[in-house]
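Protein chains in written order, with the working numbering: chain P, 446 to 813; chain R, 1492 to 1591.
All C-beta atoms, glycine included, are put in the ideal place defined by N, C-alpha and C.
None of these values were measured; they are calculated from a predicted model.
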Amino acid sequence: MRESVAAAASAVTALVGDRASGWDLAGRLPEDVVRELGAAGRLAAQIPARHGGAGWSSAESGEFTAHVGSLCGSLRSVMTSQGMAAWTVERLGDPAQAAELLPRLAAGGTAAVAFSEPQAGSDLSAIATTVTVEGDGVLLSGRKKWVTAAAYADVLLVVARMGEDGAVVVVPRSAPGVEVRRVADPLGCRAAGHADVRFDGVRLPLDSLLGGGRQPLPLLVTTALAYGRISVAWGCVGILRACVTAAAEHARTRRQFGRPLAEHQLVARQLADLWTAEQIATRACEYASRCWDENAPDVATAVVLAKYVGAGHAAKGAAAAVRVLASAGARDGHVVARAYRDAQLMRIIEGSDEMCQLILADQALGRR
Amino acid sequence: MTTSSDRPVPDHVGDPGAVETDLLRFLGKRTGRIWTADADVFGSGGLSSLFAMELVVHLERTYGIAVRGSDLRMDNFRTARRMAALVGRLRGAAGDGAGA
């Protein structure tokens, strides 16, 4: 398995080439890049082999996610969305739904998961999108915001209110009443296909409800986000690795005051802190992935910790890299400029720093 | 998270009373509170969604079951007794594809 992860990493390095900065500037990924990665089963490599996926462990998938994240935060974001969609189907869907949907997601079909709404960001209990059973089908209405990768998705998994409970609804993007509108000029992960989506009385068959719906909304959200959080955390490791590489290379080769930057102690300290940030984020992710692979009960907390540690260190590390590269990295599209902006988005999505802090404070207080 | 059907499963898993006792011990250990079999675990002032996921994973890991899809309804998790009943039902169904 390790060999196949290494081979996949080489293949994606070749696929991306030197194009990530152009994608960032254009705010688009080429559709064929997304499809090629998807068709190879690499957008969601943890889909079990029995459903046609690569069946990688979280540790393996995490290393690959970090690698893609070091190349292009937008492509990594698309992977996070796809993986989260697959995980949500695996977990919340019935066996027949998993058998129908997962092979598609392992073979080039694309998906995104819609949580946030105009009035429901951190407070997902305020979700107002509603699904009701109407005759032999369901009716979905509402508005979602900032749905990562929605612009590339064939299928949207929509978290909705269903009576007193919740439901995840599988919605083909082509269904009548679905309108996807790209978010213009996102701060970070600019080519990740963020979009606002309207569902205007969308009629769907009854089996569009994963597991029949009527599951507790907080449990749905926490379950789906668990994958998103660990994937974002590994993506932050990728941001940090890209910054270490760029900053070290620049500090070795750029000379000022008669010697390489790396021999100036104030610069060396930036490098030390940046490398330390990468190591800390990696260890937190490795622990969370071990919990995931061992099905450890505290996995939900471990992924919040990894995401919080990863995003915070990515933001600090990217800022350090910008200091080291200075004018050499101070243009949009440059790897450290992308890292700097992308990291800020990582501190917001899948639970902001502040929401993570509340969860981690509960841990400190022994509250469950 | 892989399903855990290949894990060793305690001998008493067929006994709902024993599952209930185990669950009450787990709840007590993780929450620092004493629970009765019929106490509403997730009612007002109850436990967080993070803990709900922890419970699901605990059940899967301890009893070699997969709790998926329609089994994730709150009715199955409201009390230790109901969780024990869910475990019993899924253990019984484990032979016919519940691990999928």
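Could you check what DSSP says for ARG588(P) in three-state terms: helix, strand or coil? What you label residue 588(P) is simply residue 143 of the first sequence in a count that begins at 1. Strand, per DSSP.
Following the continuous alpha helix (DSSP H) through LEU649(P), name the residue where it begins and the one where it ends. What you label residue 649(P) is simply residue 204 of the first sequence in a count that begins at 1. Taken as a continuous stretch (DSSP letters only), LEU649(P) belongs to no alpha helix (DSSP H), being part of the beta strand (DSSP E) at 640 to 650.
Beta-carbon contacts of VAL603(P) that lie in its chain and below 6 Å, excluding the five residues immediately before and after: Here residue 603(P) is taken as the residue at index 158 of the first sequence, counted from 1. The residues are ALA559, VAL614 and VAL616.
Assign LYS1520(R) to buried or exposed, taking buried as 16 or more other Cβ atoms, counted over all protein chains shown, within 10 Å of its Cβ. Position 29 of the second sequence, counting from 1, holds the residue named residue 1520(R). Per the 10 Å Cβ criterion, exposed.
Runs of alpha helix (DSSP H) wholly within the region 706 to 793 of chain P (minimum 4 residues, chain order): 710 to 738, 744 to 770 and 780 to 791
Segments of 4+ residues assigned as alpha helix (DSSP H) that fall wholly inside the region 452 to 532 of chain P: 465 to 471, 476 to 484 and 503 to 516
Straight-line CA distance for THR1493(R) to GLU1545(R)? For the purposes of this step, residue 1493(R) is identified with residue 2 of the second sequence, where counting begins at 1. For the purposes of this step, residue 1545(R) is identified with residue 54 of the second sequence, where counting begins at 1. With a pLDDT of 48 at THR1493(R), under the threshold of 50, the modelled position of this residue cannot be trusted, and the question is left open.
Answer with buried or exposed for LEU770(P), where buried requires no fewer than 16 other C-beta atoms within 10 angstroms of its C-beta. As a working mapping, residue 770(P) is identified with position 325 in the first sequence. That one is buried.
Go ahead and pull the three-state DSSP assignment for VAL583(P). Mapped onto the first sequence, residue 583(P) falls at position 138. It is a strand residue.
So, at 6 Å on beta carbons, what are the nonlocal neighbours of SER676(P) in its own chain, with the 5 sequence-adjacent residues on each side left out? For the purposes of this step, residue 676(P) is taken as the residue at position 231 of the first sequence. Once the five neighbours on either side are set aside, the close Cβ partners of SER676(P) are THR510, THR525 and GLY528.
Less than 8 Å between the beta carbons of SER503(P) and TRP737(P), yes or no? By one-based count along the first sequence, residue 503(P) stands at place 58. By one-based count along the first sequence, residue 737(P) stands at place 292. A contact, by the Cβ cut-off of 8 Å.
Residues near GLY658(P) by beta carbon distance below 6 Å, same chain, minus five either side: As a working mapping, residue 658(P) is identified with position 213 in the first sequence. Around GLY658(P): MET607 and ALA612.
Buried or exposed: where does PRO563(P) fall if 16 or more other Cβ atoms within 10 Å of its Cβ makes it buried? Position 118 of the first sequence, counting from 1, holds the residue named residue 563(P). Classification for PRO563(P): exposed.
Taking only three categories from DSSP, how would you classify THR577(P)? Locating residue 577(P) in the first sequence gives position 132, counting from the first residue. Looking at THR577(P) - three-state DSSP - the assignment turns out to be strand.
Which residues does DSSP pair with GLY611(P) in a beta bridge? For the purposes of this step, residue 611(P) is taken as residue 166 along the first sequence, with counting starting at 1. Partner(s): ARG606(P) and GLN660(P).
Quick one: is ALA1543(R) near chain P, going by C-beta distance under 8 Å? Counting from one through the second sequence, the residue named residue 1543(R) turns up at place 52. It does: the Cβ of ALA1543(R) has a partner Cβ on chain P nearer than 8 Å.
Between MET1574(R) and chain P, is the shortest Cβ-Cβ distance under 8 Å, so that the two count as touching? Within the second sequence, numbered from 1, the residue matching residue 1574(R) stands at position 83. It does not: the Cβ of MET1574(R) has no partner Cβ on chain P nearer than 8 Å.
Would you mind giving the Cβ-Cβ distance between ALA678(P) and ALA766(P), rounded to the nearest angstrom? I have them listed as a contact below 8 Å. For the purposes of this step, residue 678(P) is taken as the residue at position 233 of the first sequence. For the purposes of this step, residue 766(P) is taken as the residue at position 321 of the first sequence. The Cβ separation is near 19 Å, so there is no contact.
Pull up the DSSP beta-bridge partners for HIS617(P), would you. The residue you call residue 617(P) lines up with position 172 of the first sequence. Here residue 617(P) turns out to be Pro, not His, going by the sequence shown. Partner(s): VAL600(P).
Short-range partners of chain R found in the region 538 to 549 of chain P, where Cβ spacing is below 8 Å: GLY538, ASP539, PRO540, GLN542, ALA543 and ALA544
Ignore the nearest five residues each way along the sequence and tell me which others in LEU655(P)'s own chain have a CB closer than 8 Å to its CB. The residue given as residue 655(P) occupies position 210 in the first sequence. Answer for LEU655(P): THR533, VAL534, LEU537, GLY538, ASP539, GLN542, LEU602, ALA612, VAL613, VAL614 and VAL615, listed in chain order.
Beta-carbon of ILE804(P) versus every beta-carbon of chain R: anything under 8 Å? The residue given as residue 804(P) occupies position 359 in the first sequence. Cβ-Cβ to chain R under 8 Å: yes for ILE804(P).
Identify, in the order they occur along the chain, each residue of the same chain with its Cβ nearer than 7 Å to the Cβ of ARG1569(R), setting aside the five sequence neighbours on each side. Locating residue 1569(R) in the second sequence gives position 78, counting from the first residue. Answer for ARG1569(R): ASP1531, VAL1532 and PHE1533, listed in chain order.
Element boundaries [beta strand (DSSP E), containing VAL1558(R)]: Numbered from its first residue, the second sequence carries residue 1558(R) at position 67. First-last for VAL1558(R): undefined, no H or E at that position.
Which residue's Cα is closest to the Cα of HIS1549(R): GLY1583(R), ALA1575(R) and GLY1508(R)? Along the second sequence, read from residue 1 onward, the residue named residue 1549(R) stands at position 58. The option with the nearest alpha carbon to HIS1549(R) is ALA1575(R).
Do you know offhand how far GLY622(P)'s Cα is from ALA489(P)'s? Working through the first sequence from its first residue, we reach residue 622(P) at position 177. Working through the first sequence from its first residue, we reach residue 489(P) at position 44. Taking the straight line from one Cα to the other gives about 28 Å.
Taking all protein chains shown into account, decide if ASP1513(R) is buried (16 or more other Cβ within 10 angstroms of its Cβ) or exposed. Sequence index remark: in the second sequence, residue 1513(R) carries index 22 (1-based). ASP1513(R) comes out buried.
Closer than 8 Å by beta-carbon distance: list the chain P residues that pair up with LEU1515(R), in chain order. Position 24 of the second sequence, counted from the start, is the residue given in the question as residue 1515(R). Ordered by position in chain P, no residue passes the 8 Å Cβ test against LEU1515(R), which lies about 14 Å from the chain.
Output yes or no for whether 8 Å exceeds the beta carbon distance between ALA573(P) and LEU547(P). Position 128 of the first sequence, counting from 1, holds the residue named residue 573(P). Position 102 of the first sequence, counting from 1, holds the residue named residue 547(P). For ALA573(P) and LEU547(P), no; Cβs fall outside 8 Å.
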